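These notes are about the structure you will find just below.
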Amino acid sequence: MTSLTATAAALGLLAAGYALGARKAGPRLLSWAEDAVTPGWRTWKFWPAAPIILIALAWIWTVHPRRSLANVRAWRQPPPPRGPALRFDPDWASKRRTTDREGA
């Protein structure tokens, strides 16, 4: 490969990357793949979308391994305890203050 060919290939890849980045094709493609994978493997859209999801997962685990691991650990945490259930007071109308009635 000559230096002219290598330079042309590098500039072509750079231009292609810029064009894809400017059109935001990556997030739209990933969004489509997520929607296509959600119904399950029995649909025809699953099979072209699965490699896109796998490539995205490999990319995120390669580029941001600590953040990805922190996210997985956070997802596995039990939910915080819930507060007491709210109770309806059947006598709430008689307990209203007079200032509340004037505004209505």
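FYI, in the numbering used here the residues of the sequence shown are 2 to 105. No residue lacks a Cβ here, since even glycine has one placed at the ideal position from N, Cα and C. For clarity, every value in this text was computed on a predicted model and none was experimentally measured.
If you follow the alpha helix (DSSP H) that A1 is part of, which residue opens it and which one closes it?
The requested residue 1 does not occur in the structure, where the chain is confined to residues 2 to 105.
I'd like the span of the alpha helix (DSSP H) that includes A86, first residue to last.
Taken as a continuous stretch (DSSP letters only), A86 belongs to no alpha helix (DSSP H), as it is neither H nor E.
If we count the other Cβ atoms within 10 Å of its Cβ and call it buried at 16 or more, is A34 buried or exposed?
A34 comes out buried.
What number of angstroms, rounded off, separates the C-alpha of S95 from the C-alpha of I54?
The straight-line gap from Cα to Cα measures roughly 59 angstroms.
Quick check: what's the CA-CA separation for A60 versus L5?
The sequence given here has Trp at residue 60, not Ala. Roughly 31 angstroms separates the two Cα atoms.
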